[in-house]
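>
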Amino acid sequence: MMKYFSLLIFLFSGISMADLPTDFWRLRYDERGLPLIDIKIDNKYHTLMLDTGSGEGMHLYKHNIEKLVANPNLKTTHESPRKLIDVSGGENKVSVWKINRLLISNIPFDNVEVVGFKPWGLTIGGEQPINEVLGRGMFHDRLVMMDFKNDRLQMLEHLPADINNWSSYPLEKTKSGLRITAYMGNTPLHLIVDTAASHSILFSNRLPVGTLFLGCRAIAPESSNSECRVTKINLIDEKGKFRDGLFIVSNGLTPKELDFDGLLGMNFMRYHQVIIDMRKSMFYIN
13 MMKYFSLLIF
23 LFSGISMADL
33 PTDFWRLRYD
43 ERGLPLIDIK
53 IDNKYHTLML
63 DTGSGEGMHL
73 YKHNIEKLVA
83 NPNLKTTHES
93 PRKLIDVSGG
103 ENKVSVWKIN
113 RLLISNIPFD
123 NVEVVGFKPW
133 GLTIGGEQPI
143 NEVLGRGMFH
153 DRLVMMDFKN
163 DRLQMLEHLP
173 ADINNWSSYP
183 LEKTKSGLRI
193 TAYMGNTPLH
203 LIVDTAASHS
213 ILFSNRLPVG
223 TLFLGCRAIA
233 PESSNSECRV
243 TKINLIDEKG
253 KFRDGLFIVS
263 NGLTPKELDF
273 DGLLGMNFMR
283 YHQVIIDMRK
293 SMFYIN
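In terms of the working numbering, the sequence shown is residues 13 to 298.
(1) Between Lys251, Asp163, Phe272 and Arg282, which has its C-alpha nearest Gly189's C-alpha?
(2) Anyone know if the C-beta pair for Val127 and Arg148 falls short of 8 Å?
(3) Would a C-beta distance cut-off of 8 Å place Val286 and Met158 closer than the cut-off?
(4) Three Cβ pairs or more, each shorter than 8 Å: is that satisfied between the segment 276-294 and the segment 261-268?
(5) Using a Cβ-Cβ cut-off of 7 Å (strictly less than) and excluding sequence neighbours within five positions of Met29, which residues of its own chain qualify?
(6) Looking at the unbroken alpha helix (DSSP H) that takes in Lys79, where does it start and where does it end?
(7) Name the one or two DSSP bridge partners that Val156 has.
(8) Thinking Leu72 and Phe129 are a contact (beta carbons under 8 Å), I'd like their distance in whole angstroms, please.
(9) In its own chain, which residues sit with a C-beta less than 7 Å from the C-beta of Asp153, not counting the 5 before and 5 after it?
(10) Please state whether DSSP places Arg148 in a helix, a strand or coil.
(11) Rounding to the nearest angstrom, what Cα-Cα distance links Tyr283 and Glu184 in this structure?
(12) My guess is that Phe259 and Thr243 are in contact by the Cβ rule of under 8 Å, so how many angstroms apart are they, rounded?
(13) Pick from Val261, Tyr181, His202 and Asn217: whose alpha carbon is nearest that of Gly252?
(14) Classify Pro33: buried if its beta carbon has 16 or more other beta carbons within 10 angstroms, exposed otherwise.
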C-alpha cells in the first residue's frame, strides 16, 4: 500500500542536541521526507518544520510565544490577529507578534514575525501537524540555500561561483507564496514552492483538457496504480533547459480565490541544492 503523503503538514520529533554552527543549520527529515531544523531560540531548543509555503516567520505554540514576550531583553509588539487560508480553503485565525531582533542559533534576524501555531493544512492519508514551523517570512531579505544534498540550511552573502551551472527560474511573490511557472504543453501552470509538501501536486480542476495520467507507481513504486493519479509537467529555466517533474493530481475542487494551480514539493527538491533569492525573486536548483 502507498505510504501516506504529507502536504503542508509536519511531524514531531525530539532528539538530544548540541549547539549548532554559526554559519548554517543542520537539516534532517521525518519519515515523509519533510525537512526539520533543530535550533535554539532564547536558550530553548526547538524542532521546526521548514515550510516555504508559509509567509510568516515562525509558527510557535502559545506557551513558547508567551516566554519570548516575557523576556525583557526582547523588543516585541503585539499586532492584530491574522486570518490564514490553506490550500483546502480552511481558515485559521492566529495571534501575531513582531520581534525587533532575535538570535536564532547564533544567527541574528530582524523584524521577526511570530504567529500562534495551530495544526492545519491539507493532508492526504496523514494526521494534522504538531510541529512548530519556520516559514519563508524569516528570510524576507535574505539569500538562503536549502542544501538538501548535504543536509544543511545556510544564509549566503552572495551566490556561489558556479551559479551559471545551476538552473534558474524567476519567482513571483504573491499573497499565496513564492510562485514559479511550469508548463503542460503550451499551458502555463503556477506552482507555490513548498518544502512542507512531501510530493508535488496539481489541482485536478486546473488541468487542461486532454491531460494524460500515469498510475501511482510512477511516483510511489510500493503503491498500486489505482491509489492516485500522476501527471508530468515541465519547468523551463532561463536558458531554455527543460526539467521534468512528476505531480500527484488531487481530487476535488479547489477554492477559486487561490492564485496558483499546485505545489512544487520535496520530491522535486530532495537531494538537490536549492537557493532562494528573496531580494531578487529567483529560484536556483543544482
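Every residue, glycine too, gets a C-beta built ideally from N, C-alpha and C.
In brief:
(1) Phe272
(2) no
(3) yes
(4) Segments in contact, no.
(5) Summary for Met29: the model assigns pLDDT 35, below 50, so the residue's position carries little reliability; its value from the coordinates is reported in the next sentence. So the qualifying residues of the chain are Asp50 and Tyr57.
(6) In this chain, the alpha helix (DSSP H) harbouring Lys79 covers Lys74 to Val81.
(7) Answer is Met167 and Ile288.
(8) 5 Å
(9) Met290 and Arg291
(10) Residue state, collapsed to three classes: helix.
(11) 24 Å
(12) 6 Å
(13) Tyr181
(14) Residue placement at Pro33 is flagged as unreliable, the pLDDT there being 40, under the threshold of 50; the coordinate-derived value follows with that caveat. By the neighbour-count criterion, in which a residue is buried when 16 or more other Cβ atoms sit within 10 angstroms of its Cβ, Pro33 is exposed.
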